[in-house]
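Chemist:
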Amino acid sequence: MLIIHRREFLKVGSLATAAMLVPRFLKAFEQPGMAEGQKVLVIIQLSGGNDGLNTVIPYRNDIYYASRPQLAIPKGQVVGLSDEQGLHPALEGLKELYDNGELAILNNVGYPNPDRSHFRSMDIWQTASDSNQVLTTGWVGRYLDAQCSGCPHPSMQAIEVDDTLSKAMKGNQYTGLAVHDPVQLHQASDDPFFRDILKKPVVDDDHLQVDYLYKVMAETLSSADYLYDQARLHHDDGAYPDTPIGKDMKTVASLILAGLPTRVYYLSLGSFDTHVNQQPQQARLFKQLNDALIAFRNDLKKHNRFQDVMVMTFSEFGRRVSQNASGGTDHGTANCMFLISGGLKRQGILNDPPDLQNLDQGDLRYQIDFKQVYATLLRRWLEADDQQILGRSFPYLDFV
Amino acid sequence: MEGYLAREPLWKYQHLAWRAGFGVDRPTLLHWQSMPIKHVVKTLIRQRQSSPSILQTAEGQQLRTQWPSLRGRFLQLTQDEKKQLQKLQREGVKNLNLAWLQEMSTTSDFLREKMALFWHGHFACRVPNVLHNEQMLQVIRENALGNFGDLLVAVSKSPAMLQFLNNQQNRKQHPNENFAREVMELFTMGRGQYTEQDVKEGARAFTGWGFNPQGEFVFRKNLHDDGVKHFLGKTGRFTGDDILQILLEQRATAYHVSEKIYRFLVNDTPDPGQVQQMANWFYDSGYDIATLLEKLFTSDWFYDTRHIGAHIKSPIELMVGMQRTIPVSYRNPNIWLLFQRSLEQVLFYPPNVGGWPGGKSWIDSSSLMLRLRLPQVLYAGSIWNIRPKAMPDEIMDEDMLMQPEMHVDSEQQHIRDYLIHTVGGHMQATVQWDAYLRQFQDIPEEQLPMEIASLLLVNTPQDVDRNRISTYADRSSRERFIQSLTVLLMSTPEYQVC
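Written out as structure tokens, the structure reads:
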């Protein structure tokens, strides 16, 4: 019995209180939390709809250049990977990962009947629903539901580096933990009043909702303490860039290296909604992403953990093939994804580049359902029941 | 004789006040207690007879005036003009949000606004046009206590819903099923009660439904498929109106809608027997919402102790409840949007067509701690250093994320000093304590913790460790004591439920 229900716990005696959960939880952490070689998934959400065609660029394709007279990246600036595709110059650091077999690229990832609304398409990606289906839980949240019935501290299994929690991280029974900065979280929760009211004994078993709130509160406060201690104890690698994503990646690395039992980390970068004057905005964000990823990879490699960590990037949609009249691009459909790890089974560019001759009303046709990527990661990386979490089976991919 | 002897306990009225509204003040509660519950319910139901105030924004008014001149050359608008227009729309929706929040926080017709909030989530709709949002909100508020059939038809013909569910694109040659599917799945019968074929046939009946540039419903006859349809076992040359009537004839519709009302007003976990009873009342009354509510609020089981505290307040219920208890006004009212975004319920921006799922979904580690800190932010000038997630393309400018200029008044400062030592910083706020404090003027000091807890918390005042909480209160004066104790009691998990 690893989950301690507050009410049962309180039956222990008149002095027993919810606050005493804290040492119990910490005890669970003190045991080797993370088994040697336990796999970790780091999800980076590129919010706003990143333009995939200017990310992984079909630099030998005339249609690409014809469709984007001002916006296409000139051949000479593209960081060539294969004969057909190369990277945006601001992502040049990823070339070394590519050469080392630490980068896999999936082209044309999407879903049937794509939706071009940010909020709806993001909802679809975060909940892993079909286009005409509304789900109230996120796919990582359902992973927690499936995996955590025996976890000592479920919310620690998935951490989002932010002030608030994305829908992706919310399940039916369990949700992840939002922490932008362990020190700040600790300060906000280190409130004698809150600590004290947790000592309140529960009188009435019928008040389930209140019990639930006390349980979440106790867990949050103990997680905040634990994270604060771990993050403080751990390494201080100065090599991370001083950008929001740089700091977030540094937080993730320090938590991974602290040996937390956390299996999934979630971060966001944006906004990639480049309707107007796309070039400088995308280049600026890519530079931040590039530098943060390189620092992260170097850090984990130095500590011999890179083979256990997988970084996945996604965006709610790609953008239209043709540029618009404002030096930008409008909402599109299928997109590319990066998978970065020292533990890839298949590396490089995993499938065909976008077929620019065969468009659907000016948009790319998807070739890989994003739920295949989720299924692969759930089954082969996190060793979870992907069918239960996604509601049905999807063909696995072979990058792990 | 029974009327005098059978004085009902206060917590029943408290339960009614929170479910039929957003809580009431102490004098009202005591006044209610002098009457049998069914009399109180009767007075609440009478709110259906008044017309709701009209909520319109200055931006909407400006658009209405400008529209005739813009209409002719819509495609020729310059980038700047388009940007201006979008900005006007965004500002308009934002101000409509604030206007409605204010109405909920001050109106005496709270049952109407409470039900409007329910229908706002039931007929979830997210469109950028302020005029469409104004029209839809008015439809919902006017019919909130009226007839569900009328409401369903009016919403289905509103430009907001026609646009949101793509019925503008639903044509004879190219049917678009989105509208028909959601009408059946979400607004009426619920999933699993119909076939895919019913969706297709329904979509054919709705072909030609649209709206004109003035935002008025139009039936475009030449786009309508007037052929024979087979829908839910019936056959005929059905129109969209026929389809809605057939859906209303289904008992599944009464059940599905009753279950959602049950979750909203009774318990986050539905009891099928009680929901069925509501469904029967609803159906047999011809979908009269006020009748359903009257029967619900006067039923014995509505006051079952298992329903007390069984509902986690939505962020809007929480904020409006606090506003109605002790009003706060900000020099920059956008603060309310910052709270809505941080707690993840922004009026006019439901997460998807399914609306806000409610219950435990409001709660995660971060949202709970924010909710617990909200009273200190509102009444004691604590800082709200939370950056909510961005809402791309929609409506809310990034500048709304910025913390407004900080300032604290001495009242807040004093309370804050006694409460939690937080990082300094405050939003320019005026807290109206007077009316609240007056409610307790005849209460002896030693009874204050009990009286305040009974007013703020539902049937759990004995659960809350008042002694423990009182040790954190400021005893420098009676007034400070009431203020600090109030903020502390609102900062408990108990205050999150009703």
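In order, the protein sequence lines correspond to chains A and B.
With the first letter of the first sequence counted as 1, position 204 gets the number 204 in the numbering used here; the numbers rise by one all the way through.
With the first letter of the second sequence counted as 1, position 331 gets the number 1331 in the numbering used here; the numbers rise by one all the way through.
Glycine included, C-beta positions come from ideal geometry on N, C-alpha and C.
Remember, predicted model here, so these are calculated numbers, not experimental data.
Alpha carbon to alpha carbon, how far is residue 1345 of chain B from residue 1121 of chain B? Give it in angstroms, no decimals.
Modeler: Looking at the two C-alpha atoms, the distance is approximately 10 Å.
Chemist: What residue range is occupied by the uninterrupted alpha helix (DSSP H) comprising residue 125 of chain A?
Modeler: Note, residue 125 of chain A: alpha helix (DSSP H), 118-127.
Chemist: Taking the continuous beta strand (DSSP E) assigned at residue 265 of chain A, which residues delimit it?
Modeler: Taken as a continuous stretch (DSSP letters only), the beta strand (DSSP E) holding residue 265 of chain A covers 264-269.
Chemist: Report the neighbours of residue 1369 of chain B on chain A: residues whose CB is nearer than 7 Å to its CB, in chain order.
Modeler: The answer, in chain order, is 188, 189 and 220.
Chemist: Could you tell me the distance, in whole angstroms, from the CA atom of residue 1182 of chain B to the CA atom of residue 1165 of chain B?
Modeler: One C-alpha to the other measures close to 8 Å.
Chemist: Taking residue 1289 of chain B as the query, report the chain A residues whose CB atoms sit under 7 Å from its CB, ordered along the chain.
Modeler: Within chain A, no residue comes near residue 1289 of chain B; the closest Cβ sits about 25 Å away, beyond 7 Å.
Chemist: Report the option in A:167, A:246, A:113 and A:84 whose CA atom is closest to the CA atom of residue 351 of chain A.
Modeler: Taking only the C-alpha atoms, the option nearest residue 351 of chain A is A:84.
Chemist: What number of angstroms, rounded off, separates the C-alpha of residue 1478 of chain B from the C-alpha of residue 1434 of chain B?
Modeler: Straight-line Cα distance between these residues: approximately 13 Å.
Chemist: What did DSSP end up calling residue 1009 of chain B once you bin it into helix, strand or coil?
Modeler: If DSSP states are grouped into helix, strand and coil, residue 1009 of chain B belongs with coil.
Chemist: With a CB to CB cut of under 6 Å and the five nearest residues on each side skipped, what residues in its chain are close to residue 1432 of chain B?
Modeler: Correct list, in chain order: 1327.
Chemist: How big is the Cα-Cα spacing for residue 372 of chain A and residue 394 of chain A?
Modeler: Approximately 5 Å between the Cα atoms of the pair.
Chemist: Count Cβ pairs between the stretch 1125-1141 of chain B and the stretch 1185-1194 of chain B that sit closer than 8 Å; are there 3 or more?
Modeler: With the cut-off at 8 Å, the stretch 1125-1141 of chain B and the stretch 1185-1194 of chain B do not touch.
Chemist: Just the C-alpha distance for residue 1140 of chain B and residue 159 of chain A, rounded to the nearest angstrom, thanks.
Modeler: So the two alpha carbons sit approximately 39 Å from each other.
Chemist: Does the separation of the CB atoms of residue 1244 of chain B and residue 1152 of chain B fall below 8 Å?
Modeler: Yes, these two residues count as a Cβ contact at 8 Å.
Chemist: Assign residue 262 of chain A to one of two classes, buried (16 or more other C-beta atoms within 10 Å of its C-beta) or exposed (fewer than that).
Modeler: Counting Cβ neighbours within 10 Å, residue 262 of chain A comes out buried, since at least 16 surround it.
Chemist: If we cut at 8 Å on Cβ distances, does residue 252 of chain A have a partner in chain B?
Modeler: No, residue 252 of chain A lies away from the interface with chain B (no Cβ there is under 8 Å from its Cβ).
Chemist: With distance defined between alpha-carbon atoms, name the residue in A:313, A:108 and A:336 nearest to residue 366 of chain A.
Modeler: Of the listed residues, the one whose Cα sits closest to residue 366 of chain A is A:108.
Chemist: Would you say residue 1351 of chain B faces chain A, with C-beta separation under 8 Å as the test?
Modeler: Yes, residue 1351 of chain B counts as interfacial toward chain A.
Chemist: Measure the Cβ-Cβ separation of residue 248 of chain A and residue 161 of chain A and say whether it is below 8 Å.
Modeler: Yes, they are a contact pair.
Chemist: What is the rounded straight-line gap between the Cα of residue 1085 of chain B and the Cα of residue 78 of chain A?
Modeler: Approximately 38 Å, taken between the alpha carbons.
Chemist: For a test of the three-state rule: what should DSSP assign to residue 1235 of chain B, helix, strand or coil?
Modeler: It is a strand residue.
Chemist: Output yes if chain A places a C-beta closer than 8 Å to the C-beta of residue 1387 of chain B; else output no.
Modeler: Chain A, which has a Cβ nearer than 8 Å to the Cβ of residue 1387 of chain B, makes this yes.
Chemist: Do residue 277 of chain A and residue 92 of chain A have their CB atoms nearer than 8 Å?
Modeler: In this structure, residue 92 of chain A does not lie closer than 8 Å to residue 277 of chain A by Cβ.
Chemist: May I ask which residues mark the beginning and end of the alpha helix (DSSP H) holding residue 1309 of chain B?
Modeler: From DSSP, residue 1309 of chain B is part of no alpha helix (DSSP H); its letter is neither H nor E.
Chemist: Closest Cβ-Cβ distance between residue 1360 of chain B and chain A: below 8 Å?
Modeler: Answer yes: the Cβ-Cβ gap between residue 1360 of chain B and chain A drops below 8 Å somewhere.
Chemist: Can you give the Cα-Cα distance for residue 104 of chain A and residue 301 of chain A, rounded to whole angstroms?
Modeler: When rounded, the distance between both Cα atoms is 17 Å.
Chemist: Could you check whether the stretch 263-275 of chain A touches the stretch 43-63 of chain A, counting it as contact only if at least three pairs of C-beta atoms, one from each stretch, sit closer than 8 Å?
Modeler: The stretch 263-275 of chain A is in contact with the stretch 43-63 of chain A.
Chemist: For the 8 Å Cβ check, are there 3 or more pairs between the stretch 1133-1149 of chain B and the stretch 1363-1377 of chain B?
Modeler: No: the two stretches stay apart, fewer than three of their Cβ pairs being nearer than 8 Å.
Chemist: According to DSSP, which residues form a beta bridge with residue 1209 of chain B?
Modeler: Residue 1209 of chain B pairs with B:1219.
Chemist: Excluding the five sequence neighbours on either side, which residues of its own chain have a C-beta within less than 7 Å of the C-beta of residue 1118 of chain B, listed in chain order?
Modeler: So the qualifying residues of the chain are 1261 and 1264.
Chemist: Pick out whichever of A:348, A:210 and A:341 has its Cα sitting closest to the Cα of residue 309 of chain A.
Modeler: For residue 309 of chain A, the nearest C-alpha among the options comes from A:341.
Chemist: Residue 335 of chain A bridges to which residues according to DSSP?
Modeler: Residue 335 of chain A pairs with A:109.
Chemist: So the candidates are B:1298, B:1156 and B:1496; which of them puts its Cα closest to the Cα of residue 1317 of chain B?
Modeler: Residue B:1496 is the option with its Cα nearest to residue 1317 of chain B.
Chemist: What does residue 1472 of chain B touch in chain A if you count any residue whose Cβ is under 7 Å from its own?
Modeler: Going along chain A in sequence order, the residues near residue 1472 of chain B (Cβ under 7 Å) are 193.
Chemist: Can you tell me which of the three DSSP states residue 1400 of chain B falls into?
Modeler: Note on residue 1400 of chain B: pLDDT 37, under 50, position unreliable in the model; no value is reported.
Chemist: I need the boundaries of the beta strand (DSSP E) containing residue 1345 of chain B, first residue and last residue.
Modeler: Segment: none, residue 1345 of chain B is in no beta strand (DSSP E) and carries neither H nor E.
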